Every structure is written in C-alpha cells, then in structure tokens.
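Some notes on the structure that comes next.
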Amino acid sequence: MDAELQEIRDFLLTSPDYAVLPEPVLDRLPKSLSVRYLRRGSPFPPAESEAADLWLVRAGAVDLRDSEDELLDKLGEGDIFAVPEDVDPLNPVAGRVVEDALFYLLPGRDARELRQQHPAFAERFDRASRRPVERALAARRTGGNRGHGVLTVSVGELVTRPPITIAPESTIRAAAERMTEQEVSALIVMSGDELVGIVTDHDLRKRCLAAGRSRQEPVGNIMSGGLQTVTRETPAFEALLLMSRQDIHHLPVMSGRQPVGLISTTDLIRHQGTNAVYLVRDIRRCESVESLSQVAGSLRELQIQLVQSGATAFHLGQAVTAVIDALTRRLLKLAEARFGPPPVPYAWLACGSQGRREQSVHTDQDNALIHGDSKDGEVDAYFTRMAEFVTDGLDACGLPHCPGGVTPRNADWRRSVSGWRKEFSRVTYTPDRKRAMLAAHYFDLRVVHGDAALFDPLRSEALTMVGGQPPFLAQMARNALRRSPPLGFFRQLVLVPSGEQADTLDVKKQGLLLVSSLAQVYAFQAGLTGMHTLDRLAGAVHAGVITRDAGENLCDAYETLFTLRARHQVDQMKAGEEPDNHIPPKTLSALERAHLKDAFAVIGTMQKNLRSRLAATGTL
117 MDAELQEIRD FLLTSPDYAV LPEPVLDRLP KSLSVRYLRR GSPFPPAESE
167 AADLWLVRAG AVDLRDSEDE LLDKLGEGDI FAVPEDVDPL NPVAGRVVED
217 ALFYLLPGRD ARELRQQHPA FAERFDRASR RPVERALAAR RTGGNRGHGV
267 LTVSVGELVT RPPITIAPES TIRAAAERMT EQEVSALIVM SGDELVGIVT
317 DHDLRKRCLA AGRSRQEPVG NIMSGGLQTV TRETPAFEAL LLMSRQDIHH
367 LPVMSGRQPV GLISTTDLIR HQGTNAVYLV RDIRRCESVE SLSQVAGSLR
417 ELQIQLVQSG ATAFHLGQAV TAVIDALTRR LLKLAEARFG PPPVPYAWLA
467 CGSQGRREQS VHTDQDNALI HGDSKDGEVD AYFTRMAEFV TDGLDACGLP
517 HCPGGVTPRN ADWRRSVSGW RKEFSRVTYT PDRKRAMLAA HYFDLRVVHG
567 DAALFDPLRS EALTMVGGQP PFLAQMARNA LRRSPPLGFF RQLVLVPSGE
617 QADTLDVKKQ GLLLVSSLAQ VYAFQAGLTG MHTLDRLAGA VHAGVITRDA
667 GENLCDAYET LFTLRARHQV DQMKAGEEPD NHIPPKTLSA LERAHLKDAF
717 AVIGTMQKNL RSRLAATGTL
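Note that the sequence shown covers residues 117 to 736 in my numbering.
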C-alpha cells in the first residue's frame with residue numbers, strides 16, 4: 117500500500133464509524149474512496165450527491181440546518197454524513213460548508229454493500245443518516261414548550277388575579293377573615309393609593325397569636341414595611357433569586373406606583389421544580405454546622421434540576437451562589453452566637469466566582485474580611501476565631517478551604533478599613549505581576565454579610581483611582597494574556613497530555629477564567645462597577661470599549677463553556693462521581709465539540725486584539 121493510501125487507512129481507524137469494520141476490509145477500502153474538496157459557502161452535500169453516499173470529514177467544518185435555519189448539527193474532523201435514501205419533505209436538512217473542507221467520499225453503491233455485509237457498520241450508517249432529522253423533530257417538539265418554565269417567563273405571566281388589599285387601620289381580625297374569604301396567604305396593605313406594607317398568615321401567627329396581641333388592633337401594627345417589589349417585566353427567576361437572598365415569600369408586582377398582583381414562592385416553585393428558596397429557608401433554620409452540612413448536600417440536586425430545566429449560565433450561577441451566600445451568612449450568625457457580638461462593625465467578603473455570582477457546585481472558598489479600625493488587639497483575635505469557625509464550617513458543607521490561601525484566616529485577607537485602603541493603593545499605584553493578580557481578586561470582592569458601608573465606598577474609590585493609572589491597566593491586561601485557550605493552529609483541541617486528567621480540558625482555567633479576565637480589563641477601561649462577567653461585557657459594549665459583535669461573541673463563548681461544564685458535572689454526579697472542571701472532548705457530540713472550538717477561537721481572537729492594542733501603545 118502506497119503512503120497516501122496508508123494515510124487514508126490510518127485516518128479511517130480514528131473514525132468510530134469505520135473502525136467497526138474488519139482490518140482486511142479497511143485495507144481495501146481506501147481504493148474505493150474519492151477525495152473531495154469543498155470551499156467555504158458551498159452547499160452540502162453537493163447537488164450531484166446520490167442517495168447513500170457516505171461523506172467523512174477529513175478537515176474543515178459543515179453546518180446542518182433545518183427549514184427554519186436552526187442549527188441542528190455541526191460536522192468536524194472525523195464525523196460522517198450519510199446522504200438519506202429518502203428525503204422527508206416536512207423535515208428537510210440543508211448543509212453548508214463553513215470552513216474549507218476536505219472529505220473522503222464512499223459512493224452509495226459501496227456503502228450499501230458494506231451495510232449488507234457488516235451489521236455493525238450498517239448500524240453506524242443508519243444512525244448517521246437519521247441524526248439530523250431526529251434533531252429537527254426534537255427541535256420542533258421542544259419548540260412549543262419554550263417560555264413555559266420559570267427560567268424564561270416573566271412575573272407578569274404568572275400573576276393570575278389582582279392583589280387583595282386592606283387598609284392599615286383595619287383590624288387584625290378583619291385581615292384574617294379577608295384571607296380566609298379570598299383563600300390567600302397574604303394581603304397588600306394600602307393607605308389610599310400608596311403601598312405601605314404586606315401582612316401574611318405567618319405575621320398573624322407570629323406577631324399576633326404568639327405575641328398575645330388583641331385581634332382588634334390595627335393590622336398596620338403587625339404588617340411588614342419597606343417592601344421589595346418587582347414589575348410585570350421582571351424575569352420570574354430573578355424574583356425567585358430575590359426571595360432566596362432576602363428570605364421572603366411574597367413580592368408585590370408593580371405597574372408604576374400601583375400594585376397589580378402578588379407573587380409567592382409557592383407560585384414560582386409550583387411552576388418550576390427548583391428548590392433554591394427552600395434550601396435558603398432551611399439553611400436559615402439550622403442551629404449547628406452539622407445540620408448545615410446536611411442541608412448543603414442538596415446543593416448538588418439543585419444544579420441537576422436547573423441544568424435539566426435548561427437554565428442559562430447566568431441563572432445557574434446566581435442560584436448556586438445564592439445558596440452558598442446563605443450558608444456563609446448562617447455560619448457567621450452561629451459564630452456571633454458562639455463568640456459574642458463583634459467588637460467593631462465588620463463585613464464578610466466573597467471574591468472569585470462567588471464574588472461575581474458565577475458559582476457551580478465544584479468550587480472552593482475565596483473569602484476576605486474587613487472590620488472597623490481599632491487599636492485593641494482583641495479585635496483581630498475575635499475575627500481570627502470567627503474566620504476559623506466559618507471557613508471550617510464551609511469546608512464541612514462541601515466547600516473546601518482555598519488552596520491559594522485566599523481566606524480571612526490569613527491576615528493578608530483580614531484587614532481593617534485603613535488596612536484595605538492602603539492595600540488597594542499599593543496594588544494600584546505600584547503594579548507588578550503579583551500585585552495585578554491580587555488586584556484581580558480585590559476588585560471582585562463583594563459584601564456577603566455585615567456592614568456594606570465599610571467596603572463599598574472603598575471599592576468605589578479604588579475604581580476611580582485605576583481609571584487614571586495606565587501602568588495599572590497595562591499590567592492587568594498583560595496578566596489577562598498569560599494563559600491562552602487550548603486550541604492548536606489547525607483548530608485541534610490541545611488536551612492535558614498525561615496524569616490523572618490526561619486527554620481532558622479544564623474549561624474553567626482554560627476558558628471561563630480567560631473570559632472573566634478579559635471582561636475585568638474591559639470593565640477597568642470603561643470605569644464599570646458591575647461584577648458579573650456578562651454584565652461587564654454588556655457594559656463594555658455600551659461604553660464602546662469593544663464592538664457589539666465582539667461582546668456578543670464573548671458572551672456566547674462564556675455561556676457555551678459554563679453550560680458544558682455544568683452538564684459535565686451533572687453527568688458525573690448522576691454517575692456517583694465527584695464533579696470537576698475537566699471535560700474529555702470524546703464524551704461530547706460533534707456539535708458540542710464544534711461549539712467548544714468556536715468558544716476557544718473567540719477568546720483567542722479577543723486576546724490577540726488586546727495584545728495588539730498593548731503593542732501599539734508600547735506597553736506589552
């Protein structure tokens with residue numbers, strides 16, 4: 117066999133569809149194949165193709181779309197496409213070459229002969245011919261259900277009746293009777309045309325019956341004021357997250373200044389089987405680290421439910437972070453009960469993915485602490501004990517200690533207001549590589565619990581400082597370019613070569629963190645205060661730092677990487693394995709691999725653009 121035919125045979129062995137054939141057949145097969153080259157933009161398969169022709173992609177890429185131009189599949193190196201024997205007029209599939217492509221074509225007559233003689237090959241062939249049509253049918257079946265989950269609907273779509281109201285001077289007895297009569301669990305309290313509060317059945321039990329109040333008192337004495345509200349346009353999932361964070365169970369729905377409805381956690385949870393609100397509620401009731409650990413075990417089930425419900429990266433990250441925030445706050449309350457009231461005001465801070473509200477279940481701790489200035493040595497001792505208790509508690513709840521020492525157990529991450537102000541000034545005015553890495557953490561810090569007035573003004577001051585510090589911005593940009601996406605020159609995925617994670621990709625370190633780093637640099641350039649990666653990218657587009665296409669492409673890349681990682685972790689958990697960030701590309705479909713390559717290519721392009729800008733200014 118000459119060298120060219122041997123190369124073709126070797127490539128056939130890498131195809132799971134051809135590899136099922138016996139070796140003697142594979143030895144003969146290259147002579148039956150023809151080599152075809154199609155330029156980008158060419159229709160696929162070509163018009164002259166015959167039924168049962170089998171196309172094997174040697175290089176390049178092909179998109180397969182349905183009659184509504186929805187992407188059904190993407191063929192890349194090693195994938196096969198079998199021209200259908202019969203075309204379904206109701207579900208036509210049309211392809212187009214999106215990257216110059218080289219194919220090995222097996223004529224239909226030879227493919228039919230192989231199918232007859234080798235059942236395993238026939239099964240692979242039939243699967244290849246059915247897959248695009250099956251995807252088209254699946255898209256049509258699911259298309260009618262879009263928008264019906266809490267992940268996609270607005271609050272207004274779930275409001276089914278006007279709110280039941282009562283005046284603040286009405287009696288508690290009248291409120292109870294009105295709830296019973298209307299079969300509701302809460303009333304909106306209106307003083308004329310003004311919303312002044314809400315009273316729930318829980319308020320009646322806790323603030324009236326348990327407190328021994330007279331039923332003839334005004335209901336205004338037991339109502340809750342200072343209400344959180346939403347509008348009809350608010351996404352239902354955002355309402356659910358707001359309830360989770362605030363531990364509330366009812367939200368007035370407003371149109372301008374007027375309430376037009378009332379939505380409850382029961383409404384939302386009945387509409388979608390997610391349990392973030394229940395988890396937060398259970399966490400707040402825990403009285404020990406042991407009970408918190410038991411509740412935290414349900415966090416994995418939450419991610420499974422959300423992924424199976426089609427949650428976006430934004431929704432999933434927000435929900436998981438809300439639960440981890442609640443765990444942290446409860447541990448801090450338990451710490452205060454154990455060690456006594458804090459000697460000075462303080463705030464517990466989260467950074468990294470928790471600070472940006474982008475967590476999944478596979479995460480560790482990245483925390484810090486700020487406290488009021490004091491010369492009393494006992495102040496630091498108190499917060500050291502608190503930090504040890506809380507971080508040990510988080511570890512018991514399945515959130516390991518930070519291996520990099522980003523923890524308030526470490527004095528570098530436990531500072532007074534003056535100490536943090538000096539530290540922000542140090543990394544801003546005298547930047548180097550190490551300080552830029554610290555700054556990347558510092559500007560992702562977010563108050564989880566405590567006095568936000570200690571930290572938020574300080575962060576705002578620091579953001580104002582960096583806008584006028586070109587050396588700082590340049591160093592942050594250089595740090596964002598230290599690592600490149602794992603994509604080779606010919607768009608092949610560059611995998612971990614050896615060790616326990618061999619033949620995998622770390623989609624967090626090699627993908628998600630690269631997008632987050634770029635977004636942070638853009639945020640500095642635009643003077644943005646937002647922290648979520650997608651918010652930063654949107655703000656950068658609005659400020660003109662990057663183009664709309666670039667921003668949308670990076671958002672799509674982030675969504676792709678986050679979603680693939682979340683699904684990978686769900687598959688691991690359902691298999692009884694520990695979740696991680698390492699995805700073996702061989703477990704992905706051809707379409708998923710193509711999307712993964714596209715995401716890495718986008719990141720690489722944006723890094724190249726940033727590097728060019730640095731070179732043009734002489735700061736690279």
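Using N, Cα and C, we set each Cβ at its ideal position, and we do this for glycine too.
In this text the structure is predicted, and so the values were computed from the model without any measurement.
Does the Cβ of Glu184 lie closer than 7 Å to at least one heavy atom of the ligand FAD?
Among the ligands in the structure shown, none appear at all, so the ligand FAD cannot be discussed.
Please classify Gln410 as buried or exposed, where buried requires at least 16 neighbouring CB atoms within 10 angstroms.
exposed
For Asn697, count the other beta carbons within 10 Å of its own beta carbon; 16 or more makes it buried, fewer makes it exposed. Which is it?
buried
When the Cα of Ala715 is compared with those of Arg727, Tyr674, Ala618, which residue comes out closest?
Tyr674
DSSP three-state call for Gly488: helix, strand or coil?
coil
For the alpha helix (DSSP H) holding Ala512, just list the boundary residues, first then last.
493-512
Whole angstroms is fine: what's the gap from Ala717's alpha carbon to Pro586's?
28 Å
Contact check, Pro278 vs Gly377, beta carbons under 8 Å
yes
Can you tell me which residues form a DSSP beta bridge with Phe160?
Gly211
List the DSSP bridge partners of Gly566.
Ala463
Enumerate in chain order the residues of its own chain whose CB-to-CB distance from His711 is below 6 Å, with the five nearest sequence positions on each side excluded.
Thr676
For Arg65, which option in Val300, Glu123, Lys624, Gly211 has the closest C-alpha, if you only look at C-alpha atoms?
In the structure as shown, the chain begins at 117 and stops at 736. Residue 65 is therefore absent and cannot be evaluated.
Between which two residues does the alpha helix (DSSP H) containing Lys190 stretch?
Segment 187-191 is the beta strand (DSSP E) holding Lys190; no alpha helix (DSSP H) there.
Nearest to Asp189 by alpha carbon, out of Gly224, Phe197, Trp171, Leu180?
Leu180
Give the C-beta separation of Glu285 and Gly336 to the nearest angstrom, bearing in mind that I take them to be a contact with Cβ-Cβ under 8 Å.
7 Å
At least three beta-carbon pairs within less than 8 Å, the region 479-486 to the region 674-694
no
Identity of the residues DSSP links to Pro368 by a beta bridge
Leu378
Please determine, among Ala177, Val199, Glu193, Thr544, the residue with the shortest C-alpha to C-alpha distance to Asp169.
Val199
By alpha-carbon positions, which one of Val533, Gly520, Ala435 ends up nearest to Val460?
Val533
Alpha carbon to alpha carbon, how far is Asp619 from Glu239? Give it in angstroms, no decimals.
28 Å
Quick one: grab the DSSP three-state call for Ile288.
helix
Thr281 beta carbon less than 8 Å from that of Ile304:
yes
With three or more C-beta pairs closer than 8 Å as the rule, is the region 209-223 touching the region 158-177?
yes
Should Thr546 go down as buried or exposed, given a rule of 16 or more other Cβ atoms within 10 Å for buried?
exposed
Is the beta carbon of Leu510 sitting closer than 8 Å to the one on Thr444?
yes
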